[in-house]
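> Questions regarding the structure given below will be posed in turn.
Residue numbers (the working numbering): 404 to 543.
Structure, rendered in structure tokens:
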């Protein structure tokens with residue numbers, strides 16, 4: 404039995420207009436009270452310096468290490484492969500320069516001990532700035 408024959412169902416209705424009004428008031432309030440940082444208007448006076456240009460770069464001593472274990476110091480072959488002979492050649496190449504840089508050009512297949520010998524000879528002479536030369540591989 405259907406006792407609701409003449410009645411239709413009333414669905415609850417949500418009125419969105421007051422909700423939209425409240426959201427607009429909140430947006431206006433936030434827009435008015437927000438502060439904006441303007442870094443583009445910041446004026447800075449940088450300090451000045453009367454320093455001279457940087458000094459000349461230090462002298463470089465090039466040491467080449469071949470795969471066979473032979474050494475060259477500034478394109479002059481070192482006769483004996485001992486650390487003492489390398490140290491004497493490095494001291495001669497350094498001359499009276501203050502803290503020259505020892506640049507080691509070692510073959511990729513040279514023995515690790517050969518490079519360590521160059522580093523030890525540089526330490527004995529008092530040369531502490533040592534760097535290595537590498538080559539980059541081409542990008543595929």
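Using N, Cα and C, we set each Cβ at its ideal position, and we do this for glycine too.
When you compare each of 423, 513 and 536 to residue 471 by their alpha carbons, which one comes out closest?
Comparing Cα positions, the closest option is 513.
> Out of 517, 490 and 501, point me to the one whose CA is closest to residue 387's CA.
Because the chain is modelled from 404 through 543, residue 387 falls outside the range shown and cannot be assessed.
> Let's test the definition: count the other Cβ atoms within 10 Å of the Cβ of residue 379 and tell me whether it reaches 16, buried, or not, exposed.
Outside the modelled stretch of the chain, which goes from 404 to 543, sits residue 379, for which no answer is possible.
> Along the chain, where does the beta strand (DSSP E) containing residue 534 start, and where does it finish?
From DSSP, the beta strand (DSSP E) with residue 534 extends over 532–535.
> Can you give me the Cβ contacts of residue 503 inside the same chain, cut-off strictly under 6 Å, excluding the 5 residues immediately before and after it?
Excluding positions up to five away in sequence, the list reads 461, 462, 464 and 497.
> With a Cβ-Cβ cutoff of 8 Å, do residue 468 and residue 511 count as a contact?
Going by C-beta atoms, residue 468 is not nearer than 8 Å to residue 511.
> The alpha helix (DSSP H) with residue 481 in it runs from where to where?
Counting along the chain, residue 481 falls outside any alpha helix (DSSP H), and DSSP gives it neither H nor E.
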